Structures are given as structure tokens and as C-alpha cells.
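Student:
In our numbering, the protein residues as written are 7 to 242.
1. How is the alpha helix (DSSP H) around residue 240 delimited, first residue to last?
2. If contacts are defined as beta-carbon pairs under 8 Å, then residue 37 and residue 13 qualify, I think. What distance do you get, rounded to the angstrom?
3. Going by other Cβ atoms of all chains shown within 10 Å of its Cβ, with 16 needed for buried, is residue 26 buried or exposed?
4. Looking at the structure shown, is residue 1 part of a helix, part of a strand, or coil, going by DSSP?
5. Which word fits residue 80, buried or exposed, when buried means at least 16 other C-beta atoms lie within 10 angstroms of its C-beta?
6. Among the candidates 59, 108 and 85, whose CA atom is the shortest distance from the CA of residue 193?
7. Comparing alpha-carbon positions, which option in 198, 213 and 144 lies nearest residue 182?
8. Count the other C-beta atoms from every protein chain shown that fall within 10 angstroms of the C-beta of residue 17, then say buried if there are 16 or more, exposed otherwise.
9. If we call anything under 8 Å between Cβ atoms a contact, is residue 148 one with residue 215?
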């Protein structure tokens with residue numbers, strides 16, 4: 007027996023929080039009866055419907071690692087008809103991205119129909135590190151490096167910087183390439199961090215999600231996560 011909102015999330019239909027909203031809005035029924043209690047538990051034999059649509063509770067879980075191109079939306083669908091990360095994956099299951107990357111940000115993003123793992127990876131308490139390669143307009147100086155070491159406050163809260171490394175300084179083009187690892191997921195956090203330091207981020211790529219690396223994945227390419235990798239993510 008499992009809580010109804012967890013079952014809905016694990017089905018890949020939506021997040022657990024959204025599932026709770028749907029239950030409270032009386033849009034979810036179990037065996038033909040509308041359910042409004044968030045603590046309701048169901049079994050695998052129960053029939054769950056959302057807005058009259060039967061939920062498929064007996065699907066295989068799938069896991070993909072995508073190198074998101076620039077100009078692609080980190081969403082399951084887009085009202086404006088723009089290409090989404092889901093559009094790039096050849097999959098018959100209903101999958102969705104774990105977290106998001108900005109429209110103009112490239113790099114790694116996980117897509118799955120496993121709501122439990124998605125919630126685990128996105129929850130702040132699990133401190134999943136993510137590494138980005140940022141191209142900055144301007145040459146980083148010693149004062150900025152010292153500020154990064156001490157920590158940078160964005161919107162009244164210090165960013166949790168795990169590590170950073172200057173990869174390249176192009177004096178002719180006046181640009182700096184810096185790799186930076188953080189363990190939080192506030193919107194536009196890398197761009198806002200460097201904005202606080204007086205630098206504009208020209209390009210941004212997420213190169214790592216924890217132990218997962220971009221490797222040889224080209225822009226728009228993806229691969230299936232191995233069972234070993236999924237188990238390792240679950241162990242976080």
C-alpha cells in the first residue's frame with residue numbers, strides 16, 4: 007500500500023506536489039470514487055483516474071541523460087510550440103525532465119518517468135552537486151577569486167559553492183572560462199552569482215550532475231542510464 011500522491015508521481019504523470027493539488031481539487035478518483043484525503047493509500051490493483059483519464063501504473067521505468075542544446079525548453083510541453091527536451095528523446099513512455107536548464111543554457115539534464123528518483127534528485131536536502139562551465143565577459147581578477155572562495159550572497163542567501171577552477175583566460179577576447187560546482191538549484195543562480203561579481207555570463211553549460219559527466223555526448227544527443235548509475239543516484 008502506498009500514498010496516492012506518491013503513486014501518481016511515480017507514474018510520471020506529474021510531480022508529487024502537483025498530485026496533491028489535483029487530489030485537493032477533487033480531480034482524482036480511485037475505483038470510481040473521488041478522493042480528497044492526501045493520506046489515502048492504494049494498492050497496485052486499484053484503478054486511478056485523473057480528470058477521467060486512467061493512469062497507467064504498470065509501466066517500466068526509464069532513465070535518459072541528455073545534452074540539451076541551446077534554444078530548447080526544459081519542459082514536457084510548451085504552450086508556444088517550441089521544442090522541448092522531451093521532443094528530443096525517442097521514447098513511448100511519458101517522461102519529464104528532472105529540474106531545468108534555462109532556454110539558452112546547454113548541457114546535462116536527466117529525463118525519466120520515475121517520480122521517486124526525480125523528487126530525490128531535486129530535493130535541497132540531498133545536496134546533489136552540479137558543475138557548470140561558464141564563459142564570462144571579462145578577465146577574472148584576484149579580488150573576484152577571493153570573493154568566490156569566501157562565498158557569494160545572492161538575494162540575501164550565500165550560494166553553496168563546492169569548488170571552482172579557472173579553465174582559460176583569453177586576454178585578446180577578454181573572456182574567462184570557469185568551471186564551478188554548486189549544490190543548489192535556484193533559478194538563474196550561476197548567472198546571478200557572476201552578476202553579483204560584475205560579470206556577464208555569455209555561455210553556460212552544465213557538464214556534470216553529481217558523478218554523471220557530459221563525456222562524448224554531442225549537442226542534442228542522449229543515452230540511457232545504466233542500472234548501476236540509477237542505483238548510485240538512489241543511494242544519495
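Glycine included, each C-beta is placed from N, C-alpha and C at the ideal position. A quick note: this is a predicted structure, and the numbers were derived from the prediction, not measured.
Tutor: Answer, in terms of the structure:
1. On the chain shown, residue 240 is found 234 positions in, with the first residue counted as 1. Where residue 240 is concerned, the enclosing alpha helix (DSSP H) stretches over 233–240.
2. As a working note, residue 37 is residue 31 in the chain shown. As a working note, residue 13 is residue 7 in the chain shown. Not a contact, Cβ separation roughly 13 Å.
3. Position 20 of the chain shown holds residue 26. It counts as buried.
4. No answer is possible for residue 1: the residues shown for the chain start at 7 and end at 242.
5. Looking up residue 80 in the chain shown gives position 74. When all chains shown are included, residue 80 counts as buried.
6. If you number the chain shown from 1, residue 193 lands on position 187. It is 108.
7. Position 176 of the chain shown, counting from 1, holds the residue named residue 182. Comparing Cα positions, the closest option is 144.
8. For this step, residue 17 is matched to residue 11 along the chain shown. By the 10 Å Cβ count, residue 17 comes out buried.
9. One-based indexing of the chain shown puts residue 148 at position 142. One-based indexing of the chain shown puts residue 215 at position 209. No, they are not a contact pair.
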